[in-house]
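Number of protein chains: 2
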Amino acid sequence: EIVAAIEALLNPKDQPLAGKRIVMTSGPTHEPIDPVRYIANRSSGKQGHALAAALAALGADVHLVSGPVTIPDPAGVTTYHVETAREMLAQVEGLLPADAGIFVAAVADWRTDNEASQKMKKEKGKPVPSLSLVENPDILATIGHHAQRPGLVVGFAAETNDVIDNAKGKLVRKGADMIVANDVSHGSGIGPSGVMGGDRNRVHLVSADGVESLDEASKDEIARQLAAKIAEALTR
Amino acid sequence: EIVAAIEALLNPKDQPLAGKRIVMTSGPTHEPIDPVRYIANRSSGKQGHALAAALAALGADVHLVSGPVTIPDPAGVTTYHVETAREMLAQVEGLLPADAGIFVAAVADWRTDNEASQKMKKEKGKPVPSLSLVENPDILATIGHHAQRPGLVVGFAAETNDVIDNAKGKLVRKGADMIVANDVSHGSGIGPSGVMGGDRNRVHLVSADGVESLDEASKDEIARQLAAKIAEALTR
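Residue numbers (my numbering), protein chains in the order written: chain A, 2 to 237; chain B, 2 to 237.
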């Protein structure tokens, strides 16, 4: 590692992102219903954490805001742990300004508007409660239209249908420069159990320039390719 | 391990549960809302998995039905992996008859009655969806009143208030011989982050004989003490 670090210092072309501050999110958010229950999104954090490590390896100063995951903090990255969408947004805003904002987390779109302070009890003869939901802040759209908007804003979109069309719509609505879209449906044909929780991915890069589809690969390899694209965008 | 196994065979008093078949549950359940979202209970599975291992160490033939957890299957235990409450109940019923049924899992009381096959989209101008819930099967009560009810039925109850009173009510309603109750509130004073996800626990054993409170201890130590109590109940 020390040798690699010295080599990198002597070889600035291996560290194209040296001096660049990148704020990222990864993992799911958990939105509490009561002290023992929550609503969650399926997200292992593998793709986001791999991308954070790949950007750090190119010399970036990476600040990663992670929801609840069971994988370790990535090497060479400053990691902040949060649980809910509101905590995630507050942490991200606190880390601005930055050269790039990259939003991989699967943020819950909704939370309950009436979190119970005691465990909700099931009672005979009482009707089953219904969960009334309110919209969570949209972190990508908030930063995409922020007074301190980073020069490069990249969002991730997990879709189960109309992957490219949904991503094109998000590019505009959310004020992003690029949407990295993937198909997380069971029918995506990726890995034995699909993209979510698995180690492989296939992504489409949607930007004002058009759509570029990367070949299916490991999440680490996808991370390296995305990091190279981001370095290109940040240094041209 | 081989030496221990031989010693155990030569020393039947170390294997009081030899020949006893025990069906258990552990971990949370995940109830899907759509392909990427779910409702979950907070449960690491640590206490249930530790108890399964402790019962196996006493010679029992342990069949553990586990919800989604990130800890390894316990040694010496046959483990089955499920996601939802309905899958958990079906697996448990398929494992009957048994000498004891021990239900540690934090089963979701409710699931949505309208799981979406495509990812639900947030749309401008459209109202936020509300989740209509239906009651899940109550695994403990189902087995406590089952035609093939095991001779010993033990339930676990995570409470945030009125811990003992809630447990006494469950003992009767659910047809259990014992409820192992614990206080999972943030104010329980256990560990830096409370019982859930942590490594320590304090439990109260509620049965027709009364209430016995065990001292706060590691989840492994609590598991050994509970396994000894269960062995006593199954062999007297």
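Ideal Cβ placement from N, Cα and C applies to all residues, glycine included.
{"Query": "For my contact list, Ala-101 of chain A and Ile-231 of chain A are in at a C-beta cut-off of 8 Å; report their separation, rounded to the angstrom.", "Result": "7 Å"}
{"Query": "Is Tyr-81 of chain A close to chain B, meaning its C-beta is less than 8 Å from at least one C-beta of that chain?", "Result": "no"}
{"Query": "Does any residue of chain B have a CB that is nearer than 8 Å to the CB of Val-108 of chain A?", "Result": "no"}
{"Query": "Using a C-beta to C-beta distance shorter than 7 Å, which residues of chain A count as neighbours of Leu-132 of chain B?", "Result": "Ser-131, Leu-132 and Leu-134"}
{"Query": "Are the beta-carbon atoms of Ile-140 of chain A and Ala-99 of chain A separated by less than 8 Å?", "Result": "no"}
{"Query": "Taking 8 Å as the cut-off, decide whether the C-beta atoms of Val-70 of chain B and Ser-45 of chain B are in contact.", "Result": "yes"}
{"Query": "Given that Pro-73 of chain B touches chain A, what residues does it touch there, using C-beta distances under 8 Å?", "Result": "Near Pro-73 of chain B there are no residues of chain A at all, since even the closest Cβ is about 12 Å away, more than 8 Å."}
{"Query": "How would you label Glu-32 of chain A, buried or exposed, when you count the other beta carbons within 10 angstroms and need 16 or more for buried?", "Result": "buried"}
{"Query": "Would you kindly work out how many angstroms separate the C-alpha atoms of Val-93 of chain B and Lys-171 of chain B, rounded to a whole number?", "Result": "20 Å"}
{"Query": "Tell me, please, whether the CB atom of Glu-160 of chain B is closer than 8 Å to any CB atom in chain D?", "Result": "Of the chains in the structure shown, none is chain D; the protein chains are A and B."}
{"Query": "What in chain A is Cβ-close to Pro-138 of chain B, meaning under 7 Å?", "Result": "Chain A residues near Pro-138 of chain B: none, gap ~12 Å exceeds 7 Å."}
{"Query": "Compute the beta-carbon to beta-carbon distance between Ser-131 of chain A and Asn-115 of chain A, rounded to the nearest angstrom, for a pair I have assumed lies under 8 Å.", "Result": "So it is not a contact: roughly 11 Å between Cβ atoms."}
{"Query": "Note down, in chain order, each residue of its chain lying with its Cβ closer than 6 Å to the Cβ of Val-108 of chain A, except the 5 sequence neighbours on either side.", "Result": "Thr-30, Ala-86 and Ile-140"}
{"Query": "Rounded to whole angstroms, what is the Cα-Cα separation between Val-207 of chain A and Arg-43 of chain B?", "Result": "37 Å"}
{"Query": "Counting only runs that start and end within the region 4 to 90 of chain A, where is the alpha helix (DSSP H) found for 4 or more residues in a row?", "Result": "47 to 58"}
{"Query": "Answer yes or no: does any C-beta atom of chain B fall closer than 8 Å to that of Gln-149 of chain A?", "Result": "no"}
{"Query": "Between the C-alpha atoms of Leu-97 of chain A and Val-24 of chain A, what's the straight-line distance to the nearest angstrom?", "Result": "8 Å"}
{"Query": "Rounded to whole angstroms, what is the Cα-Cα separation between Ala-106 of chain A and Asp-178 of chain B?", "Result": "45 Å"}
{"Query": "Provide the residue span of the alpha helix (DSSP H) that contains Leu-215 of chain B, from first to last.", "Result": "Segment: none, Leu-215 of chain B is in no alpha helix (DSSP H) and carries neither H nor E."}
{"Query": "With 16 as the cutoff for other CB atoms within 10 Å, does Arg-112 of chain A come out buried or exposed?", "Result": "buried"}
{"Query": "Please list, in chain order, the chain B residues whose beta carbon lies closer than 7 Å to that of Pro-17 of chain A.", "Result": "Chain B residues near Pro-17 of chain A: none, gap ~34 Å exceeds 7 Å."}
{"Query": "Note down the Cα distance separating Lys-220 of chain B from Asn-162 of chain A, rounded to an integer number of angstroms.", "Result": "44 Å"}
{"Query": "Which first and last residues belong to the beta strand (DSSP E) in which Ala-101 of chain B is found?", "Result": "101 to 104"}
{"Query": "Please classify His-50 of chain B: is it buried, with 16 or more other beta-carbons within 10 angstroms of its beta-carbon, or exposed?", "Result": "buried"}
{"Query": "What residue does the beta strand (DSSP E) around Thr-143 of chain A start on, and which one ends it?", "Result": "Element bounds for Thr-143 of chain A: not the beta strand (DSSP E) but the alpha helix (DSSP H), 140 to 145."}
{"Query": "In terms of alpha-carbon separation, which member of B:Ile-223, B:Gly-199, B:Ala-168 and B:Gln-226 lies closest to Gly-211 of chain B?", "Result": "B:Ala-168"}
{"Query": "Is Leu-238 of chain B helix, strand or coil when you go by DSSP?", "Result": "In the structure as shown, chain B begins at 2 and stops at 237. Residue 238 of chain B is therefore absent and cannot be evaluated."}
{"Query": "Determine which residues of the region 37 to 63 of chain B have a Cβ less than 7 Å from any Cβ of chain A, and write them out in chain order.", "Result": "Val-37, Arg-38, Tyr-39, Ile-40, Ala-41, Asn-42 and Arg-43"}
{"Query": "Could you please give me the residues that DSSP links to Asn-183 of chain B through a beta bridge?", "Result": "B:Ala-159 and B:Val-204"}
{"Query": "Assuming Val-185 of chain A and Glu-217 of chain A are in contact, meaning their beta carbons sit under 8 Å apart, how far apart are those beta carbons, in whole angstroms?", "Result": "Not really, about 13 Å apart at Cβ, beyond 8 Å."}
{"Query": "Could you spell out where the beta strand (DSSP E) holding Arg-174 of chain A opens and where it closes?", "Result": "Counting along the chain, Arg-174 of chain A falls outside any beta strand (DSSP E), though it belongs to the alpha helix (DSSP H) covering 164 to 174."}
{"Query": "Put Ala-148 of chain B into one of helix, strand or coil per three-state DSSP.", "Result": "coil"}
{"Query": "Out of curiosity, what's the CA-to-CA distance linking Gly-156 of chain B and Ala-19 of chain B?", "Result": "22 Å"}
{"Query": "For Arg-112 of chain B, report the span of its beta strand (DSSP E) as first-last.", "Result": "111 to 113"}
{"Query": "Under 8 Å between the Cβ atoms of Ala-228 of chain A and Leu-153 of chain A?", "Result": "no"}
{"Query": "Look up Gly-211 of chain B in the DSSP assignment and give the residues it is bridged to.", "Result": "B:Ser-208"}
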